[in-house]
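Structure first, then comments.
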Amino acid sequence: MDRKLVVSSLALALLVGCGARQEQAAAPTAAPVAQAPAPAPAAEPTAPATPAAPVSEAAPAPKAAAPATPAAAAPAATTASAADLSAGQAKYKTMCAGCHGPKAEGIANYPKLAGQPADSLAAKLAKYRAGEKVGPMSTTMMPIARMLSEAEVKQVSAYLASL
């Protein structure tokens with residue numbers, strides 16, 4: 173009887189300490205709808221070719237506009253919408269920050285999550301949700317990860333990768 177009480181108390185302390193809320197797990201939330209990216213602005217039409225006029229040395233030649241930086245140069249985490257990042261941040265604060273820290277820099281045995289690739293984080297959370305052992309904190313992470321929907325896993329992973 174005393175052992176059940178101790179185990180129950182430990183489980184409750186872990187859930188409370190990590191910021192998990194039982195009532196959130198009971199009420200499923202709808203995943204935000206991703207918005208399509210805005211189309212790239214159309215290039216300005218160029219004037220038809222005309223015979224070259226003599227260039228006066230006093231008037232400088234017009235400068236071409238600098239090309240916009242390509243989206244591929246941006247980090248992968250920026251491909252998530254602002255709504256997804258915001259939802260991921262909110263979920264992180266309620267479910268993860270108690271153990272991994274407010275900036276996801278890690279606390280004690282809980283590892284740093286900030287800046288890790290979103291795909292890697294999502295894969296680990298999927299393994300925890302499936303009951304697979306990933307590391308020494310697996311028994312702590314499994315019940316927490318199971319409280320996250322697939323959409324929330326993607327949102328939290330994108331948020332952490334953006335840090």
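In the numbering used here, the protein residues as written are 173 to 335.
The C-beta atom is built at its ideal place from N, Cα and C for all residues, glycine as well.
Using the C-alpha atoms, what's the distance from A262 back to P283? The residue given as residue 283 occupies position 111 in the sequence shown. The residue given as residue 262 occupies position 90 in the sequence shown. The alpha-carbon atoms of P283 and A262 are separated by roughly 19 Å.
Do A286 and L257 come within 8 Å of each other at the CB atom, strictly closer than that value? Within the sequence shown, residue 257 is the residue found at index 85, counting from 1. Within the sequence shown, residue 286 is the residue found at index 114, counting from 1. Result no, Cβ atoms of L257 and A286 do not sit closer than 8 Å.
With distances taken Cα to Cα, identify the nearest neighbour of S329 among A298, G307, T312, P315. One-based indexing of the sequence shown puts residue 329 at position 157. S329 has its Cα closest to that of A298, out of A298, G307, T312, P315.
Residues of its chain near L293, where Cβ-Cβ distance is below 6 Å and the 5 sequence neighbours each way are ignored: As a position in the sequence shown, residue 293 is number 121, starting the count at 1. Correct list, in chain order: S329, L332.
Within a Cβ cutoff of 6 Å, which residues of the same chain sit near G313, ignoring the five residues on either side of it in sequence? Counting from 1 along the sequence shown, the entry for residue 313 is found at position 141. The identity of residue 313 in the sequence shown is Met, whereas the question assumes Gly. These residues qualify, in order along the chain: Y300.
Do M319 and N281 have their beta-carbon atoms positioned less than 8 Å apart in this structure? Your numbering for residue 281 matches position 109 in the sequence shown. Your numbering for residue 319 matches position 147 in the sequence shown. Not closer than 8 Å, so no.
Put L335 into one of helix, strand or coil per three-state DSSP. The residue given as residue 335 occupies position 163 in the sequence shown. Note: L335 maps to coil in three-state DSSP.
Identify the continuous alpha helix (DSSP H) that holds S310 and give its terminal residues. On the sequence shown, residue 310 is found 138 positions in, with the first residue counted as 1. That run of the alpha helix (DSSP H) goes 310 to 318.
Per-residue burial, G303 [other beta carbons within 10 Å of its own, 16 or more giving buried]: In the sequence shown, the residue the question calls residue 303 occupies position 131. It counts as exposed.
Could you say which of A323, A252, I316 lies nearest to I272 if we only look at CA atoms? Taking the sequence shown and counting its residues from 1, the one referred to as residue 272 is at position 100. The question names Ile, yet the displayed sequence has His at residue 272. Cα-wise, what sits closest to H272 is I316.
Can you tell me whether G307 is buried or exposed, with buried defined as 16 or more other CB within 10 angstroms of its CB? For the purposes of this step, residue 307 is taken as residue 135 along the sequence shown, with counting starting at 1. When all chains shown are included, G307 counts as exposed.
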